[in-house]
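Visitor: Using our numbering, you'd call the opening residue of the sequence shown number 857 and step up by one each time. Cβ atoms here follow ideal geometry from the backbone N, Cα and C, with glycine treated the same way. Just so you know, these numbers come straight off a predicted model, no measurement behind them.
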Amino acid sequence: MSDKKMDDFSRILERLEKRLLKAGKENSIKMTRDLITVQNRLYMQLESLSWLQRRLSIKGQLPGLRGWAASPDVLLHLHTHIMTSRPSVVVEFGSGASTLVIADALRQNGMGKLISIEHSNHYGVQTLATLEAEYLQTWVDLRIGDLESWEDEHMSPKNAEKPARWYPKSLLNGVESVDLLWVDGPPGVTCLYSRYPALPAMSDRLSTKAEVWMDDTIRQEEKDICERWGQDHGFQLEYYPLEKGLGRLTRAV
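1. Rounding to the nearest angstrom, what Cα-Cα distance links R1051 and S906 in this structure?
2. Taking the alpha-carbon of Y1111 as reference, which of Q1087, D1088 and K1079 has the nearest alpha-carbon?
3. Apply the 10 Å Cβ neighbour rule to M1058 and answer buried if 16 or more other Cβ atoms are within range, or exposed otherwise.
4. Spell out a yes or no on whether the segment 983-993 and the segment 1007-1017 are touching, meaning 3 or more CB-CB pairs, one atom from each, closer than 8 Å.
5. Count the other C-beta atoms from every protein chain shown that fall within 10 angstroms of the C-beta of K874, then say buried if there are 16 or more, exposed otherwise.
6. Identify which residue in G1001, D1040, L912 and H1089 has its Cα closest to the Cα of Q964.
7. Can you give me the Cβ contacts of G1103 inside the same chain, cut-off strictly under 6 Å, excluding the 5 residues immediately before and after it?
8. Report back the beta-carbon spacing between Y1049 and H975 to the nearest angstrom; my notes put them in contact at under 8 Å.
9. Please report how far the alpha carbon of R871 lies from the alpha carbon of N883, in whole angstroms.
10. Suppose only complete runs of 4+ residues qualify. What are the alpha helix (DSSP H) ranges in the segment 1013-1076, listed by chain order?
11. In terms of residues, what are the limits of the alpha helix (DSSP H) holding Y991?
12. Quick check on this structure: which residue in I938, S944, G916 and M900 has the alpha carbon closest to the alpha carbon of D929?
13. Would DSSP call M857 helix, strand or coil?
14. When DSSP labels each residue in this structure, what does L932 get in the three-state scheme?
15. Which residues mark the beginning and the end of the beta strand (DSSP E) in which L1105 is found?
16. Measure the C-alpha to C-alpha separation of E1067 and W1006 and round it to an integer number of angstroms.
17. Less than 7 Å between C-beta atoms, sequence neighbours within five positions excluded: which residues of the same chain meet that for C1047?
18. Taking a contact to mean a Cβ-Cβ separation below 9 Å, would you say T940 touches E948 in this structure?
19. Quick one: which unbroken alpha helix (DSSP H) runs of 4-plus residues sit fully inside the segment 941-975? Chain order, please.
20. On the criterion of 16 or more Cβ atoms from any shown chain inside 10 Å, does V1045 qualify as buried, or is it exposed?
21. Suppose you measure from the CA of R842 to the CA of S904; what does that come to, to the nearest Å?
22. Start and end of the beta strand (DSSP E) containing E1009?
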């Protein structure tokens, strides 16, 4: 190989080495930033869980709060709000850890009732067992029914792969003057915009001071639903930057 070719080859290797070093440095910086972000998020959840446990009056442990379950930060907000606002009637769609947290706040207030709507008999039985273990069952009316076709207006297009389904309307019999509506179901895999029917089905059952809370607003579907609800039902919408997001709709003043 000639000296010129050797020089050219050396320069190519030098440039390649610089690029690799630069890429490695940039990747290292990104990994460090991502690690710090994860650490901060984990700390926030541990801090929220610690404060939540201090506020709760239960003797046992909470159900697992990872995966599909509500996160500690939103449960802390929920418990604090209920103890402060002292609602008479709370309705939730989707039972679980939130059922225990809401019931505990009602018991500490010494007033109120939670109507918990659940589609899964398996999870409903688990929730009831947890409530009974903490002597909270008297504060909760747990209603279970398989999801069924939703024939009224829906955000899901008519030609969607999965037809719109929601809880049986019969589960809402006798429900009125609801002060807080907590929406954490049905699961998103049910159909597109699976949680949309909650407010249309409940709009004439809400009190004048009612608030609507939507979990999981880091997902675009839940954001779209909240914005549609706000437009159609005259609510003001606010988002809280929690781990999984929280949309809070309040009556326009």
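Guide: In this structure, then:
1. Across the structure, R1051 and S906 are spaced so that their CA atoms are roughly 30 Å apart.
2. Not covered by the structure: residue 1111. The range shown for the chain is 857 to 1109.
3. M1058 comes out buried.
4. In this structure the segment 983-993 does not lie against the segment 1007-1017, because fewer than three pairs of beta carbons, one per stretch, are closer than 8 Å.
5. Counting C-beta atoms within 10 angstroms of its own C-beta, K874 has fewer than 16 neighbours from the protein chains shown and is therefore classed as exposed.
6. Comparing alpha-carbon positions, the option among G1001, D1040, L912 and H1089 lying closest to Q964 turns out to be L912.
7. So the list reads M1070, T1073, C1082 and Y1095, once near-sequence residues are dropped.
8. Going by Cβ atoms, the distance from Y1049 to H975 rounds to 16 Å, so no, they are not a contact pair.
9. About 18 Å.
10. As far as the segment 1013-1076 is concerned, its whole alpha helix (DSSP H) runs of at least 4 residues are 1054-1058.
11. Following the DSSP letters along the chain, one finds Y991 in no alpha helix (DSSP H), marked with neither H nor E.
12. Nearest C-alpha to D929: M900.
13. Low local confidence applies: a pLDDT of 49 at M857 is under 50, so the model's placement there is unreliable, with the coordinate-based value given in what follows. The answer is coil: DSSP assigns M857 none of H, G, I, E or B.
14. DSSP places L932 in helix when its eight states are reduced to three.
15. L1102 to R1107 is the span of the beta strand (DSSP E), which, as asked, contains L1105.
16. Each residue's Cα considered, the two are about 24 Å apart.
17. Excluding residues within five positions, the ones whose Cβ falls inside 7 Å are S1012, A1016, K1018, P1019, A1020 and R1021.
18. E948 is positioned such that its CB atom lies no closer than 9 Å to that of T940.
19. Taking only runs of at least 4 residues, the alpha helix (DSSP H) segments lying wholly in the segment 941-975 are 953-965.
20. Classification for V1045: exposed.
21. The displayed coordinates of the chain run from 857 to 1109. Any statement about residue 842 would go beyond what the structure contains.
22. That residue, E1009, is in no beta strand (DSSP E); it is neither H nor E in DSSP.
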